[in-house]
Each structure stands twice: as structure tokens, then as C-alpha cells.
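Trainee:
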Amino acid sequence: MRERIDGASFAQAVIHAAASLNLHKQEINELNVFPVPDGDTGTNMSLTIGTAAAELRKKKPRTVGEAASISASALLRGARGNSGVILSLLFRGLSKAVKDKDAIDGRDLAIALDYGVAAAYKAVMKPAEGTILTVSRLAAARAADAARQTPNDPEAVLEAAIQEGRLALEQTTEMNAVLKKAGVVDAGGKGFLVILQGMLDSLRGEPMPEEGEEAGGAAEQKTDYAAIAAEEITFTFDTVFIVRKDDPHKGLEAFEAYLNSIGDSLVIGEDDDCFKVHVHTDIPGAALTEAQKYGTLELAKIENMRTQAEDLAAGRHIQSTDDLDAVEAELEGNPLPVKPAEPEKRYGVVAVAAGGGLAAVFRDLGADGVISGGQTMNPSTDDILREINATPAEIVYVLPNNKNIIMAAEQCVRLVEGKRVVVLPTKTVPQGISALMVMDPEAEEAANTEAMTEAIGRVHTSEITYAARDSDFDGFAIKRGDYLALTEHQLFGTDRKLEKLLRRLAEADDQQNAEFINIFYGEDVTEKEAQKALKLFTECCPNAEITLLSGGQPVYYYMISAE
4 MRERIDGASF AQAVIHAAAS LNLHKQEINE LNVFPVPDGD TGTNMSLTIG
54 TAAAELRKKK PRTVGEAASI SASALLRGAR GNSGVILSLL FRGLSKAVKD
104 KDAIDGRDLA IALDYGVAAA YKAVMKPAEG TILTVSRLAA ARAADAARQT
154 PNDPEAVLEA AIQEGRLALE QTTEMNAVLK KAGVVDAGGK GFLVILQGML
204 DSLRGEPMPE EGEEAGGAAE QKTDYAAIAA EEITFTFDTV FIVRKDDPHK
254 GLEAFEAYLN SIGDSLVIGE DDDCFKVHVH TDIPGAALTE AQKYGTLELA
304 KIENMRTQAE DLAAGRHIQS TDDLDAVEAE LEGNPLPVKP AEPEKRYGVV
354 AVAAGGGLAA VFRDLGADGV ISGGQTMNPS TDDILREINA TPAEIVYVLP
404 NNKNIIMAAE QCVRLVEGKR VVVLPTKTVP QGISALMVMD PEAEEAANTE
454 AMTEAIGRVH TSEITYAARD SDFDGFAIKR GDYLALTEHQ LFGTDRKLEK
504 LLRRLAEADD QQNAEFINIF YGEDVTEKEA QKALKLFTEC CPNAEITLLS
554 GGQPVYYYMI SAE
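The following block contains the structure:
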């Protein structure tokens, strides 16, 4: 039986725990649901404690106080995500409890665990039960009970904490509505217990897991992401940043109040030199600006949780800041062509569209390049420039097909050498299609530009999408989940039933006066549902020639052009 934990033993326990968590990180990732199903709690916690392990390997602490201080400082700077920040706070409190100690016994360990819990609860502005906080609190309480019985046995104290923590973990499903809906336990709590178990295994002399080993058995639980709606995410951006303090004595109370007013899931960890913030907000730039009143901004990470949730639910790769190195390498390895493609013809066309069906329509009409993009994913100037340079034509028409992309496209005019670029201000996909349909490869540039511009003015665009949140807008009381109809990007009407809204659009003047109507249905509409929409428009617009096409576009159930 080990009676005391010294600096070397504590350091080795943290290193062992980091290896254990790395082994189980994917298992934990599959549990993650709170506050957003972004599937990365295991990775975040593993990378966080990995920073402490790396520092401990380099510095070889002599006392437990020194080892704990090194761990806490590294964890604060390396913390990723909400779970990583809370983990750093747990260690921060622990380090304060043992800062003057060469070694600790079971009683000291129990007190240190309690200090850690107090630090975490103090820093989290709105503590939620059914999380890592609950698991750590109940584990620490059981450790205190065990220490009263076996004060000189830190291994027994730690084992008691783990056993109670496992019971608490099982109860997190009932404590948290999101966890219950998904049918899993809390991922952060699971990660915390893996860390404690790794530390106990180290103290008992168990071999450290080797890199590349697989966890013993697949996760018994896996999140049902289909049961979790992206709308449950209140604020869009997961925002983490570190600030080096200008004045170590200046309090952060006012800053905390400000962050609470613009977001949620707020956690602030600090030491004497710096503080680290985790917050969910719709205005991360404002949070960073306010932070600079307290010191120098050192590092920031901002990720869109809504798109992460949508990608994960759809089984797609989740973009995160971890991808930035690869993106940078790709950009450096694939610079923009120095010399544009040699002209092989008079005219070329580059269009922007989201959806395989819409891209196919543009290509069928003669577009040389189609850039994937639209309302929720605006391509950059570089994206557009690459397609222009790859187009073997003397004159390249660019069809942005979205008002938010026009300006980026216009930047290309002065950046391209060896060919002329004409950006037509198409604000919708139907406008771009109409413009392309009248382009004459034999006409003069001025005549083509005039004809295409006139075609843009003749087409009327209607779209049907959904409301992501409750809102009062332009006289409409909009409820989350309502269908929204837009005409030329202006709100036309709302309804809880899609068919009613389609009928109202079909009966509107633009459609009633049209000779040609094209209906493009999106990726969330089945062919059977689309055929019903076609039948409805055919009945309501008997004088129009109506075409139904699969656009495959995201966000919009239907795009409807009328000419």
C-alpha cells in the first residue's frame, strides 16, 4: 500500500492518465452531446491533459506541489472546449490545495479533489447538473468519506472516488434532458473518470497504455444524433481565447457579466499571469474586443457549432480548427496558378451554386466551372479566382448567384491577368440560369452583357426555407420550425404546412403572370413530394410552361423561378 504520493509519482500518474484518455478518446467522442453534438469531447480532453503530460516530461518536478502547479498551468493554456476548460479548473483547484506540499496522503488527496470541484463550480457561471461537474463533485464527496476511514491510503481514497463517480455517471442520463434524449451518459464525466482511473493504475504500478492500442471493447453507448435538433443550439460559435493580464489585481467580474449577457456555457479559468475563456455566443468578435480591456489577446479559437452539428448528423467530416494546419498546407502546396489557362475560345462562364442538380444545370448550359457555395457557405475571392484562371477563355463571365458573393467576385476583376472578367450581379440561382441561357458565343461582349443583364431583370425568384428560431419580423410572428416563403429575398409569408405556403406562392402575381416556371427542389425534398408541388403549380398556373428539376440545394426546400 502506498501511503504518500510524491512529485515524481504525481507526474507519472498524470502522464499515465493522458495515455489512458488518448486510448479511450474515440469512445468518449461517440458519447458527446452537450452543449452541441460536435463529437469531440474525448479529443478535447485528451489534447488538454496531453499538454500537461508533455510539460511534466520536460520539467521533472521534485515535489507534488510543483508537479500539480506545472500540470494546472499547462492545462489552462492547452484547454480545448468546455470539457477541457473545466478539466483545467479541476486541476487548478487541486494545485492550490497542495502547492506547499512535498508529498500528499489520502486525506490531502481528498481535500485537493474538493478544492478542484470548488474551483470548477466557481468559474462556471451557470453550472449544469448531469455533467462533468456532477461526477467530479460526487466523486470528491466520496473521497472525503474514504479519507476519514483510511487517511494514509491515497489509493483507497482514489478508488472510492472512482466507484462513486461511476454511479454518478450513470445518473447523468436522467439529470440532463439532452443526454436522456440521446440515450447516453455525459462524455465529460466519462473522460474525468478515465483520467482518475489512469492515475490510480499508475500508482498501483499498472503498465501504461501504448500508443496505437485499442480500447478494450467498443462503447456500449453511442449518441443518437438524429434525435438532437441543431435548433437546440442557442448560440452559434464555440469561442475560446487566452488573454495575458495587464494588471494581475484587476478583477474579471464585469467581464464575466458582459459575457453572460451575450452568450452561455461560460467558463473562465485564470492564474496570476493570464486567463482563459470558453463561451458560446453569436458575436465572438465582440467578446474578443471586450477581453482586450483586460490584457493582451494571445490565442483564439472560434468554431461554428451549428454546421458541426449538421455535418455530424449527416455523417460528414466536421470542420474544426484542428483542420487549419492541413488547410494551410494545402494552400501553400497549391498556390494560385501564376499563369491563367491559355484562351481557347472567346467566352467562358464561372457560376456559384450549392447542390449537385443546380451545378449540373449550369454545366449543361455551358458553364466552364461551378463553385460549390451559396447562402450558408460563401466562397472566397481565391476560390472564384482559381476557377477564372482555370477557364480557357478571353472573357470570363462570373455569376455569383448570391448578393453576399458579388463583392468577392468583383475583387477578381483586378487580380486576373491575361483575360477579361465580367461579373454579372446575379443574386439568385434562377437569375444566373436565365442569364446563361441567353449568352451568345458569337455576339460582341457589349451585346452579350446587355442581353444577360436584361434576362436577370426578367426573372422572379421565390424560395421556401425554414425558421431556425422564434422571431418577430416585418409584421410576421415567426415560430421556430415554421416554413418561410421569400420573394426576391423578402419575406412573403409563413405557415406550419409546406403545401399551404406553396399554394400561396403559386397563386401570387409573379407566378400567375409567368410564361415559364422552373421548380428546383432541394436535398431535403423527396421526388414524390416534389411531384405533388408540380401538380399544385400546374393546377394553379394553367397558362405557364412548368418544369420540375432536382436542384439538390441545402437550406431551401424549393427555389422557383418565374419569367
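Following my numbering, the numbering of the sequence shown begins with 4 at its first residue and continues without gaps. Yeah, the Cβ is synthetic: ideal placement off N, Cα and C, and Gly gets one too.
1. Does any residue of chain C have a CB that is nearer than 9 Å to the CB of R95?
2. Cα separation between E223 and P210?
3. From what residue to what residue does the beta strand (DSSP E) around C277 run?
4. Could you tell me the alpha carbon to alpha carbon distance between K193 and I31, rounded to whole angstroms?
5. Would you mind sorting E173 into buried or exposed? The rule is 16 or more other CB atoms within 10 Å of its CB.
6. Suppose only complete runs of 3+ residues qualify. What are the beta strand (DSSP E) ranges in the stretch 439-511, listed by chain order?
7. If I'm right that T284 touches F240 with Cβ under 8 Å, what's the distance once you round it to whole angstroms?
8. Report all residues from its chain with a CB closer than 6 Å to the CB of L501; omit the five preceding and five following residues, and keep chain order.
9. Which two residues bound the contiguous alpha helix (DSSP H) that contains M48?
10. Between E413 and the rest of its own chain, which residues show a CB-CB distance below 8 Å, the 5 nearest in sequence each way excluded?
11. Note down, in chain order, each residue of its chain lying with its Cβ closer than 6 Å to the Cβ of A354, except the 5 sequence neighbours on either side.
12. Going by Cα to Cα distance, which pick from I459, R461, I549 and Y560 is closest to L504?
13. Measuring alpha carbon to alpha carbon, tell me which residue in A142, N521 and A56 is nearest A547.
14. Can you give me the C-alpha to C-alpha distance between E58 and I73, rounded to a whole angstrom?
15. Is DSSP giving A21 helix, strand or coil here?
16. List, from N- to C-terminal side, the alpha helix (DSSP H) runs of 4 residues or more that fit wholly inside the stretch 85-131.
17. Can you give the Cα-Cα distance for K348 and Y469, rounded to whole angstroms?
18. Taking only the alpha-carbon atoms, compute the straight-line gap between D367 and N451 and give it to the nearest angstrom.
19. For F498, collect the residues of the same chain with a Cβ closer than 6 Å to its Cβ; drop the 5 residues on either side in sequence, then sort them by chain order.
20. Is the separation between the beta-carbon of V88 and that of V270 shorter than 9 Å?
21. Please tell me whether N404 and T431 are closer than 9 Å, where the distance is taken between their beta carbons.
22. With distances taken from CA atoms, which of S465, S437 and A449 is nearest A1?
23. Should K531 go down as buried or exposed, given a rule of 16 or more other Cβ atoms within 10 Å for buried?
Mentor: Working from what's here:
1. Protein chain content of the structure displayed is limited to a single chain, and chain C is not contained in it.
2. Here the question's residue 223 lines up with position 220 in the sequence shown. Here the question's residue 210 lines up with position 207 in the sequence shown. With a pLDDT of 47 at E223, under the threshold of 50, the predicted position of this residue should be treated as unreliable, though the coordinate-derived value follows. If you take the alpha carbons of E223 and P210, they lie about 25 Å apart.
3. Here residue 277 refers to the residue found at position 274 of the sequence shown. Counting along the chain, the beta strand (DSSP E) containing C277 begins and ends at C277 to T284.
4. In the sequence shown, counting from the first residue as 1, residue 193 sits at position 190. In the sequence shown, counting from the first residue as 1, residue 31 sits at position 28. Rounded to whole angstroms, K193 to I31 spans 7 Å at the Cα level.
5. Against the sequence shown, residue 173 aligns to sequence position 170. E173 counts as exposed, since fewer than 16 other beta carbons sit within 10 angstroms of its beta carbon.
6. 463-469, 474-476, 479-481, 486-490 and 493-498
7. Locating residue 284 in the sequence shown gives position 281, where the first residue counts as 1. Locating residue 240 in the sequence shown gives position 237, where the first residue counts as 1. So it is a contact: roughly 6 Å between Cβ atoms.
8. Here residue 501 refers to the residue found at position 498 of the sequence shown. Contacts found: Y486.
9. Mapped onto the sequence shown, residue 48 falls at position 45. Counting along the chain, the alpha helix (DSSP H) containing M48 begins and ends at T44 to K62.
10. Translated into the one-based positions of the sequence shown, residue 413 becomes position 410. Closer than 8 Å at the Cβ level, and outside the excluded window around E413, lie V426.
11. For this step, residue 354 is matched to residue 351 along the sequence shown. In its chain, beyond the 5 residues on either side, F365, A370, V373, L402 and G435 have a beta carbon closer than 6 Å to the beta carbon of A354.
12. If you number the sequence shown from 1, residue 504 lands on position 501. Among I459, R461, I549 and Y560, the Cα nearest to that of L504 belongs to Y560.
13. Your numbering for residue 547 matches position 544 in the sequence shown. Of A142, N521 and A56, the residue nearest in Cα terms is N521.
14. Start at 1 with the first residue of the sequence shown, and residue 58 comes out as number 55. Start at 1 with the first residue of the sequence shown, and residue 73 comes out as number 70. Between E58 and I73, the C-alpha separation is close to 7 Å.
15. Sequence index remark: in the sequence shown, residue 21 carries index 18 (1-based). It is helical.
16. 109-126
17. Within the sequence shown, numbered from 1, the residue matching residue 348 stands at position 345. Within the sequence shown, numbered from 1, the residue matching residue 469 stands at position 466. About 43 Å.
18. Here the question's residue 367 lines up with position 364 in the sequence shown. Here the question's residue 451 lines up with position 448 in the sequence shown. Straight-line Cα distance between these residues: approximately 19 Å.
19. The residue you call residue 498 lines up with position 495 of the sequence shown. Before going further, note that residue 498 is Asp rather than Phe in the sequence given. Excluding positions up to five away in sequence, the list reads Y486 and L504.
20. Taking the sequence shown and counting its residues from 1, the one referred to as residue 88 is at position 85. Taking the sequence shown and counting its residues from 1, the one referred to as residue 270 is at position 267. In contact: V88 and V270 (Cβ atoms closer than 9 Å).
21. Residue 404 sits at position 401 when you count from the first residue of the sequence shown. Residue 431 sits at position 428 when you count from the first residue of the sequence shown. Cβ atoms of N404 and T431: closer than 9 Å.
22. As shown, the chain starts at 4 and ends at 566. That puts residue 1 outside it, with no answer to give.
23. Numbered from 1 along the sequence shown, position 528 holds the residue referred to as residue 531. Label assigned to K531: exposed.
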